[in-house]
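**Q** A single structure is presented below for examination.
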Amino acid sequence: MTDCLGDGEGAKTPMELYEELTAQGDQVRALKTAKAEKTEIEAAVQLLIKLKVDYKQVAGQDYKAGCPPSENSVAPDNGPAASGGDDEDTVDPWNVSTTNAKGVDYDKLIVRFGSSKIDKELVDRIEKVAGQRPHHFLRRGIFFSHRDMHQVLDAYEKQKSFYLYTGRGPSSESMHVGHLIPFIFTKWLQDVFDIPLVIQLTDDEKYLFLVLNVVKIQKHVTFNQVKGIFGFTDSDCIGKISFPAIQAAPSFSNSFPQIFGSRKDIQCLIPCAIDQDPYFRMTRDVAPRIGYPKPALLHSTFFPALQGAQTKMSASDANSSIFLTDTPKQIKNKINKHAFSGGKDTVEEHRQDGGNPDVDVSFMYLTFFLEDDEQLEKIRQDYASGALLTGELKKILIETLQPMIAQHQERRKQVTDETVKQFMTPRRLNFHF
Ligand code: TRP
């Protein structure tokens, strides 16, 4: 247990307390990962909370993971205390889970991550600047959070352009429909703003300038900082610890001299799912220290697993996923068999009481892929009133996804090795910077 504080002897320095807190955070996470006894976890969490209170008293500031008290470094912008011991949703680049069938509490996440809500004002502004009806992902709050988007628009209005960066890690043979979300949205941004786009495929790390920036970032981020931001522990491999610098580097324009020449001041905008935010909190933290602008962000919600919005669709769990390589029959069977239903047990009950679209996975998927707002609203109402049955709702989803995926497969067939090679080659684009 901690010593008594404030009575001179035995009092701890802020640094000692900070280190104890970081270790205790690790301990709580390790217990949770190991699915230890509830009482054991609770005891560890209690100690963590007590340490936080002590720390605040001694250091005169809230504990911030990754920000040691005496180090004169910039705080990660509002990173969460990764060691949070309360009953929060889990959201990090490797895990997404909640106990709520409606999915993660995104408003809470905005507060925890310290990002900003994409409110009506911002959506209206995007419409005005882009001169286009906002994408339904914006209208429906699928992209719901941002960092510095107003700044991007301010600059754009003054003819200062920006570029887009997004990415994909290779997690399985095929991508699933959830992976499409950031790409669909990025394509829309690319079209309406007419700006360059870089896509990082994180198994393809070979470009010199990018690597120079990777090293620069690695030089300016401490182990303590990544520990705080990502929850790494002493037993994580060094590859994992150094990886965030690789994901950070494309946020800086001089990583791409073919596109931007020597300019290091071109603003970057990153559309991604919100679980990627820790990488870019780190990036935004390090940016001013190495003389680059902070990248701006647009965050999306998660694409729910077929089994329910408690987790996201995951390529490593084939039953939870509809892959872009699935046949029409597989799509149909998976939805009919696995898509969690907010309907009632019997038709009679359903007709009488109606279904719950808020927990119904088929309905949630339609909010992503059915573009017609009125049709979607009618489906919602009919399902909630009981006029529309679960089987009928699933049929609408199946008939929405089958052609969408078939078209994707059609276009995929046209892609030759030559096309791939061209896309993978660093090259000049048709933009002048
Ligand atoms: N980490 C991402 C993944 O696992 C891949 C990625 C790299 C990425 N750079 C990115 C995602 C930039 C969004 C934005 O798929």
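Residues in the sequence shown are numbered consecutively from 437, following the working numbering.
Beta carbons: idealized from backbone N, C-alpha and C, even for Gly.
Under a three-way DSSP split, which group does Leu799 fall into?
**A** Reading the sequence shown from its first residue, position 363 is the one you call residue 799. In the sequence as displayed, the identity of residue 799 is Phe instead of Leu. In the structure shown, Phe799 sits in a helix (DSSP, three-state: H, G or I).
**Q** In whole angstroms, what separates the C-alpha of Pro529 from that of Gln788?
**A** Taking the sequence shown and counting its residues from 1, the one referred to as residue 529 is at position 93. Taking the sequence shown and counting its residues from 1, the one referred to as residue 788 is at position 352. Going from the Cα of Pro529 to the Cα of Gln788 covers about 42 Å.
**Q** Taking 7 Å as the cut-off, is the beta-carbon of Ser798 closer than that to any non-hydrogen atom of the ligand SAM?
**A** Of the ligands this structure carries, namely the ligand TRP, none is the ligand SAM.
**Q** Quick one: using the 10 Å Cβ neighbour count with 16 as the cut-off for buried, is His868 buried or exposed?
**A** To locate residue 868, count along the sequence shown from 1; it is residue 432. Exposed, by the Cβ-count rule.
**Q** With the cut-off set at 8 Å, would you say Leu574 and Val559 are in Cβ contact?
**A** Walking along the sequence shown from the start, residue 574 turns up at place 138. Walking along the sequence shown from the start, residue 559 turns up at place 123. Contact flag set, yes.
**Q** Quick one: give me the first and last residue of the alpha helix (DSSP H) that Thr861 is part of.
**A** Along the sequence shown, read from residue 1 onward, the residue named residue 861 stands at position 425. Looking at the DSSP string, Thr861 is not in any alpha helix (DSSP H), and its letter there is neither H nor E.
**Q** Please classify Met437 as buried or exposed, where buried requires at least 16 other C-beta atoms within 10 Å of its C-beta.
**A** Taking the sequence shown and counting its residues from 1, the one referred to as residue 437 is at position 1. Residue placement at Met437 cannot be trusted, given a pLDDT of 31 that sits under 50; what the coordinates show is reported in the next sentence. Met437 comes out exposed.
**Q** Report yes if the C-beta of Lys714 is less than 7 Å from at least one heavy atom of the ligand TRP; otherwise report no.
**A** In the sequence shown, counting from the first residue as 1, residue 714 sits at position 278. The sequence as given places Pro at residue 714; Lys does not occur at that position. Incorrect: Pro714 has no Cβ contact closer than 7 Å to the ligand TRP.
**Q** Who are the near neighbours of Leu837 in its chain, counting only those whose CB is closer than 8 Å to its CB and skipping five residues on each side?
**A** Along the sequence shown, one-based indexing puts residue 837 at 401. Within the same chain, Leu837 has close Cβ partners Val613, Ile758, Ile767, Ile771, Tyr801 and Phe805.
**Q** When you measure from the CB of Cys704 to every non-hydrogen atom of the ligand TRP, does any distance come out below 7 Å?
**A** Translated into the one-based positions of the sequence shown, residue 704 becomes position 268. Incorrect: Cys704 has no Cβ contact closer than 7 Å to the ligand TRP.
**Q** With a threshold of 7 Å, establish whether the CB of Tyr599 neighbours any heavy atom of the ligand TRP.
**A** Taking the first residue of the sequence shown as position 1, residue 599 is located at position 163. No, the Cβ of Tyr599 stays beyond 7 Å of every heavy atom of the ligand TRP.
**Q** Below 8 Å on the Cβ atoms is my contact criterion, and I expect Ala775 with Leu742 to pass it. Report the Cβ-Cβ distance as a whole number of Å.
**A** Position 339 of the sequence shown, counted from the first residue, corresponds to residue 775. Position 306 of the sequence shown, counted from the first residue, corresponds to residue 742. Their Cβ separation, rounded to whole angstroms, is 5 Å, which keeps Ala775 and Leu742 in contact under 8 Å.
**Q** If you drop the 5 nearest sequence neighbours on each side, which residues of the same chain put their C-beta closer than 7 Å to that of His571?
**A** Translated into positions along the sequence shown, residue 571 becomes position 135. Phe621 and Trp624.
**Q** Ordered along the chain, which non-local residues of its own chain (more than five positions away) have a Cβ less than 6 Å from that of Gln568?
**A** The residue labelled residue 568 in the question sits at position 132 within the sequence shown. Once the five neighbours on either side are set aside, the close Cβ partners of Gln568 are Val628.
**Q** Could you tell me the boundaries of the alpha helix (DSSP H) in which Leu414 lies?
**A** Nothing about residue 414 can be reported from this structure: the residues present for the chain run from 437 to 869 only.
**Q** DSSP on Val510, reduced to helix/strand/coil?
**A** As a working note, residue 510 is residue 74 in the sequence shown. Here Val510 scores only 34 on pLDDT, less than 50, and its place in the model should not be relied on; the value that follows carries that caveat. Val510: coil per DSSP, three-state reduction.
**Q** Given this structure, state the Cα-to-Cα distance separating Ala685 from Asp672, to the nearest angstrom.
**A** Within the sequence shown, numbered from 1, the residue matching residue 685 stands at position 249. Within the sequence shown, numbered from 1, the residue matching residue 672 stands at position 236. Those two C-alpha atoms are separated by around 22 Å.
**Q** May I ask you to list the residues that DSSP assigns as paired with Arg583?
**A** Walking along the sequence shown from the start, residue 583 turns up at place 147. Note: Arg583 sits in a beta bridge opposite Leu733.
**Q** Just list the beta strand (DSSP E) runs in the stretch 593-644, keeping only unbroken ones of 3 residues or longer that don't cross its boundaries, in chain order.
**A** 598-604 and 633-637
**Q** Residues in the same chain with beta-carbon distance under 8 Å from Lys700, minus the five sequence neighbours each way, listed in chain order, please.
**A** If you number the sequence shown from 1, residue 700 lands on position 264. Here the set comprises Phe688, Ser689, Asn690, Gly727 and Tyr728.
**Q** Below 8 Å on the Cβ atoms is my contact criterion, and I expect Gln654 with Ala681 to pass it. Report the Cβ-Cβ distance as a whole number of Å.
**A** Residue numbering aside, residue 654 sits at position 218 when the sequence shown is read from its first letter. Residue numbering aside, residue 681 sits at position 245 when the sequence shown is read from its first letter. Separation of the CB atoms of Gln654 and Ala681 is rounded to 5 Å, and the pair is thereby assigned contact status at 8 Å.
**Q** If you reduce the DSSP assignment to three classes, tell me which class Lys831 lands in.
**A** Position 395 of the sequence shown, counting from 1, holds the residue named residue 831. Note: Lys831 maps to helix in three-state DSSP.
**Q** In chain order, what residues of the same chain have a beta carbon less than 8 Å from the beta carbon of Thr449, not counting five sequence neighbours either side?
**A** Sequence index remark: in the sequence shown, residue 449 carries index 13 (1-based). Taking Thr449 as the centre and dropping the five residues before and after it, the same chain places the C-beta of Val494 closer than 8 Å to its C-beta, in chain order.
**Q** Looking only at its chain, what residues have a beta carbon closer than 6 Å to the beta carbon of Ile832, apart from the 5 residues adjacent to it on each side?
**A** One-based indexing of the sequence shown puts residue 832 at position 396. Counting only Cβ-Cβ distances below 6 Å, and skipping sequence neighbours, we find nothing.
**Q** So is Thr737 buried or exposed if we call it buried at 16+ other beta carbons inside 10 Å?
**A** Position 301 of the sequence shown, counted from the first residue, corresponds to residue 737. The residue is buried, with at least 16 neighbouring Cβ atoms inside 10 Å.
**Q** Do Ile815 and Leu424 come within 8 Å of each other at the CB atom, strictly closer than that value?
**A** Residue 424 falls outside the range modelled here, since the chain spans only 437 to 869, and no answer is possible.
**Q** Quick one: grab the DSSP three-state call for Ile706.
**A** Within the sequence shown, numbered from 1, the residue matching residue 706 stands at position 270. Here Ile706 sits in strand by DSSP.
**Q** Taking its Cβ as the centre, do 16 or more other Cβ atoms sit within 10 Å of Ser607, making it buried, or is it exposed?
**A** The residue labelled residue 607 in the question sits at position 171 within the sequence shown. Classification of Ser607: exposed, given that the 10 Å Cβ count is below 16.
**Q** From Ile554 to Phe579, what distance separates their C-alpha atoms?
**A** Position 118 of the sequence shown holds residue 554. Position 143 of the sequence shown holds residue 579. Roughly 7 Å between the two C-alpha positions.
**Q** Report whether the distance from the Cβ of Gly603 to the nearest heavy atom of the ligand TRP is below 7 Å.
**A** Along the sequence shown, one-based indexing puts residue 603 at 167. Taking the Cβ of Gly603 as the reference point, at least one heavy atom of the ligand TRP falls within a distance shorter than 7 Å.
**Q** I'd like the ranges of any beta strand (DSSP E) spanning at least 3 consecutive residues and lying wholly in the stretch 742-811.
**A** 744-748
**Q** If you follow the alpha helix (DSSP H) that Ser678 is part of, which residue opens it and which one closes it?
**A** Position 242 of the sequence shown, counted from the start, is the residue given in the question as residue 678. Annotation: the continuous alpha helix (DSSP H) that includes Ser678 extends over Ile674 to Ala684.
**Q** Please report the Cβ distance between Lys820 and Pro793, rounded to the nearest whole angstrom; I am assuming they are in contact, meaning their Cβ atoms lie under 8 Å.
**A** If you number the sequence shown from 1, residue 820 lands on position 384. If you number the sequence shown from 1, residue 793 lands on position 357. The question names Lys, yet the displayed sequence has Ala at residue 820. At roughly 6 Å, the Cβ-Cβ gap stays under 8 Å, so Ala820 and Pro793 are in contact.
**Q** Is Val657 helix, strand or coil by DSSP?
**A** Position 221 of the sequence shown, counting from 1, holds the residue named residue 657. Of the three classes helix, strand and coil, the one that applies to Val657 here is coil, per DSSP.
**Q** Name the DSSP beta bridge partners of Lys553, please?
**A** The residue labelled residue 553 in the question sits at position 117 within the sequence shown. Partner(s): Ser581.
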